[in-house]
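Protein chains in written order, with the numbering used here: chain L, 331 to 558; chain D, 10 to 453; chain C, 1273 to 1525.
Written out as structure tokens, the structure is:
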């Protein structure tokens, strides 16, 4: 009988350990019950859109250079040092074929971040041959669409050129610098729980063993108590 | 201890039991009215929301948290006088232990409900058990306080067993007598039973001290694990424990003095007891002063940006009147008053204890409110003024403690007979003719 | 004695029970760790606030209050006027910093405050018990307690969620949540949208991009080139809001 009671108590305590403090020790960000539920019904995959295909991408106006504008030729290649990423070169040529010197060019990466946006990744001025270049290490792998905008100069209207390339090298992913001690401190509650169990056991022992001991040693009833 | 003194002791210890005289009912009615007023104020708060208090976005903890720490601190009197004096084998504790243990349980019951009073959603109180997060100081609080409450109840009950048997023996057969009999577990005073009981009490006495330390340490960590200037201090846990012991001993002194007067226990609780209790009070007070000096010296010497605003506020700023009232009026003066030799010892010690208790409440106020009000961002200091709701609830809960005690001693002996026999030796066997005359089972 | 447990038996039973509970508690941890490795975060929200541009108009505060139907005292993004040593002053908007090592997260007794995979700290007002421990723990005063009822009645057709806690529940705590309910629909947070000076930038640390609605920049470069700092970083909270310092500059209208 006693063994059955002990076994039942052990099972129920184990269950409490699983459902209670055990569950609470889950790193909070991965608790499955906390899946992101959005208020609007058509949220779909928009939250985690990166270079992934978005369910309904906003219509992006096509980037076309002006007909009478300078030609913006954009080329990409890998950098000599792999960790530098890629070199994006551009050459600005005026409509009558002459290279544009000292032209202000801005380099953008097309991203989908709250809609299609052009992320500024660098700027430069062209040299005598109309060349300018930047190095670019993309934040993530996959297709990168580059847009180079020429700000205009004198009679030349602002113009634009595009290029795409497949990034096989990317910047190291973001990692937050959590203090290393945190993994150790997660074990502390377990130690505290063990001590707590021991304390409750001792209190229970003090109460029940004493009560039992007194009752057991009571001996036969006296005549006075019998008259009660 | 000779038989006559023993019988006189037993008579005095049992005197309040069943005694429903006019003084008793008057006190019960008055205290119940105050408790009812507190209850009404709480219902008022639950119906309307916490905006009825003086709390705001900057100072979001106020009277309720102060009172929680304060009342639980008072409950340390039981651990101090009963457990520590038992373990150090101080014989003079015997007539005081029952009062101290009962005060501890009463104060703990009152203090433990304050976090619930403070909750914005008290209907969800059980979530703390259901969804308990082991990293949260509030959960530590719940665990520590409930364990300590359990231990205090057991520690109150075990030494009560022989006294329950004595009470049962003096009563006429009735329903109440059967309850006493059941609770007394068939106690007869045999050697085997004595040994069992002593072992149980010894285990609890040893256990209750680290438990008591843990409760106030956890309450201290509620504040100390935040980064607020006045709170994030490593000495907070020992400081709180010592403060609790100090206020606990002061409370025991006052309660013992009151019950001594009302129940006529002067023969057994004498000047000597108050002298010894005052030694405890002074020792703990000096210890607390030392901890305070250590904290303020460490912070004040460096005066870094985190701690300076609070230090300024309490030493020379808006909270300076409260702080200096506490330090001088609530600590230095009463300790000196109690330490001086001379006449009117009991009166002096009681007055000093009253000042110490008031000072301890003020110190808890000085910990909670400036810590909350200090500017964490480039904004002004916060402000806090309690409303009638908070004051009424405070008064109601404070009245609940003497009410619980009066009702408790209506049914249980006010002094521990068994403990007195333990330290003084059992009396010589007495004749049947000397059965005390107070044997009755109901109201007078 | 018959029926009485010896001390050894008692200790053995206690030890067995204790070990059993500990072992049972480890099981969910093992599963959770495996899960975390497979589904890594796709976004980690951050903000950059350009203090050179903020003019203290509080349009961000008002927009946030309107979007979430907040009472007057709730300034989830609060604009402080900071007086500098030169005798001038500048304005500092403070949203919730969505700390990586958030103190509010650690002290909540019921896990009503939790961090999503996007790095945003949310409050589940169906679970919050209103103990206000998180408010005591937050070093930035970014959390607000609903002492009374919100200005609008509850909507029977739409339950508030942690991502869109509208209307606020009396007796619980609320705070800025980087408008994740809007970013789920591709809309900028209300404060970013409302800022007339375009001083508030919303960014993603994973994709390394930030936008203020008009311009879009590379987040890491933007932070580095402008010497952006984080407020009270020494507390170790790991805030996700960067400030570009500056005061005294003439505002370019």
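The C-beta atom is built at its ideal place from N, Cα and C for all residues, glycine as well.
Where in the stretch 1310-1356 of chain C do unbroken runs of the beta strand (DSSP E), each at least 3 residues long, occur, reported from the N-terminal end onward?
Within the stretch 1310-1356 of chain C, the complete beta strand (DSSP E) runs of at least 3 residues are 1317-1322 and 1350-1355.
Looking at the structure shown, is residue 209(D) part of a helix, part of a strand, or coil, going by DSSP?
Helix.
The stretch 1350-1359 of chain C touching the stretch 1325-1333 of chain C, judged by at least three CB pairs closer than 8 Å
Output reads yes: the stretch 1325-1333 of chain C touches the stretch 1350-1359 of chain C.
Could you pull the DSSP bridge partners for residue 515(L) from this structure?
Beta-bridge pairing links residue 515(L) to no other residue.
What separation, rounded to the nearest whole angstrom, lies between the Cα atoms of residue 13(D) and residue 20(D)?
Residue 13(D) and residue 20(D) have their alpha carbons spaced roughly 10 Å apart.
Cβ pair residue 383(D), residue 330(D) closer than 7 Å
In this structure, residue 330(D) does not lie closer than 7 Å to residue 383(D) by Cβ.
Would you call the CB atoms of residue 1375(C) and residue 1408(C) closer than 7 Å?
Taking a C-beta distance under 7 Å as the contact criterion, residue 1375(C) and residue 1408(C) do not qualify as a contact pair.
Residue 131(D) versus residue 1437(C) - alpha carbon distance
Distance between the alpha carbons of residue 131(D) and residue 1437(C) is about 20 Å.
Just list the residues that DSSP pairs residue 2(D) with in beta bridges.
No answer is possible for residue 2(D): the residues shown for chain D start at 10 and end at 453.
Proximal chain L residues relative to residue 244(D), where beta-carbon distance stays under 7 Å:
Residues of chain L with a Cβ closer than 7 Å to the Cβ of residue 244(D) do not exist, since the nearest Cβ in that chain sits about 21 Å away.
Please name the residue in 385(D), 429(D), 423(D) and 389(D) whose C-alpha comes closest to that of residue 1413(C).
The residue with the shortest Cα to Cα distance from residue 1413(C) is 385(D).
According to the neighbour-count rule (16 or more other Cβ atoms, all chains shown, within 10 Å of its Cβ), is residue 503(L) buried or exposed?
By the 10 Å Cβ count, residue 503(L) comes out exposed.
Any beta carbon of chain C sitting closer than 7 Å to that of residue 387(D)?
Any Cβ of chain C closer than 7 Å to the Cβ of residue 387(D) would place that residue at the interface, and such an atom is present.
Terminal residues of the beta strand (DSSP E) in which residue 8(D) lies:
Only positions 10 to 453 of chain D appear in this structure, which leaves residue 8(D) out of reach.
How far does the beta strand (DSSP E) with residue 461(L) in it extend, from its first residue to its last?
Residues 461-466.
Closer than 9 Å, Cβ to Cβ, to anything on chain C: give me those residues from the stretch 224-250 of chain D, in chain order.
Correct list: 231, 232, 234, 235, 236, 237 and 240.
Take residue 251(D) and list the residues in its own chain whose beta-carbon comes closer than 8 Å to its own, dropping the five residues that flank it on each side.
Result list for residue 251(D): 293, 296, 297 and 300, in chain order.
Under 8 Å by Cβ, that's how I've got residue 471(L) and residue 498(L) pegged, so tell me the actual separation to the nearest angstrom.
About 6 Å separates the beta carbons of residue 471(L) and residue 498(L), which is inside the 8 Å limit, making them a contact pair.
Give the range of the beta strand (DSSP E) segment to which residue 307(D) is assigned.
Residue 307(D): not part of any beta strand (DSSP E); member of the alpha helix (DSSP H) spanning 280-311, first to last residue.
Using a Cβ-Cβ distance cut-off of 7 Å, determine whether residue 543(L) contacts chain D.
True, the Cβ-Cβ gap to chain D drops below 7 Å.
Collapsed DSSP secondary structure at residue 1486(C) in the structure displayed:
In the three-state scheme derived from DSSP, where H, G and I count as helix and E and B as strand, residue 1486(C) is classed as coil.
Should the stretch 1492-1506 of chain C be called in touch with the stretch 486-493 of chain L, which here means at least 3 C-beta pairs below 8 Å?
Touching, no.
For residue 398(L) and residue 425(L), I'd like the C-alpha separation in whole angstroms.
Spanning the two alpha carbons is a distance of roughly 7 Å.
Buried or exposed (CB count within 10 angstroms, at least 16 for buried), residue 1512(C):
Flag for residue 1512(C) reads buried.
Can you tell me whether residue 448(L) is helix, strand or coil according to DSSP?
Strand at residue 448(L).
Any Cβ of chain D within less than 7 Å of the Cβ of residue 1395(C)?
So no, residue 1395(C) is outside the interface.
Which complete beta strand (DSSP E) runs does the stretch 199-270 of chain D hold, if anything under 3 residues is left out?
The stretch 199-270 of chain D contains no whole beta strand (DSSP E) run of 3 or more residues.
When you compare only the Cα positions, how much space is there between residue 302(D) and residue 254(D)?
Taking the straight line from one Cα to the other gives about 18 Å.
Residue 142(D) versus residue 1403(C) - alpha carbon distance
Taking the straight line joining both Cα atoms gives about 14 Å.
Kindly indicate which three-state DSSP category residue 407(L) falls into: helix, strand or coil?
Strand, per DSSP.
Measure the C-alpha to C-alpha separation of residue 107(D) and residue 423(D) and round it to an integer number of angstroms.
As the crow flies, the alpha-carbon of residue 107(D) is around 6 Å from that of residue 423(D).
Taking residue 421(D) and residue 151(D) to be in contact with their CB atoms under 8 Å, please state how far apart those CB atoms are, rounded to whole angstroms.
Between residue 151(D) and residue 421(D) the Cβ distance is about 28 Å, and since that is not below 8 Å, they are no contact.
Under a CB-based cut-off of 7 Å, is residue 422(L) close to chain C?
Taking CB atoms only, residue 422(L) has no neighbour in chain C less than 7 Å away.
Let me confirm a value: residue 1411(C) is counted as buried when at least 16 other C-beta atoms fall within 10 Å, else exposed. Which label applies?
Buried, because 16 or more other Cβ atoms sit within 10 Å of the Cβ of residue 1411(C).
According to DSSP, is residue 1365(C) part of a helix, a strand, or is it coil?
Residue 1365(C) falls in the strand class under three-state DSSP.
Cutoff 7 Å: residue 1382(C) Cβ touching any chain D Cβ:
Cβ-Cβ to chain D under 7 Å: yes for residue 1382(C).
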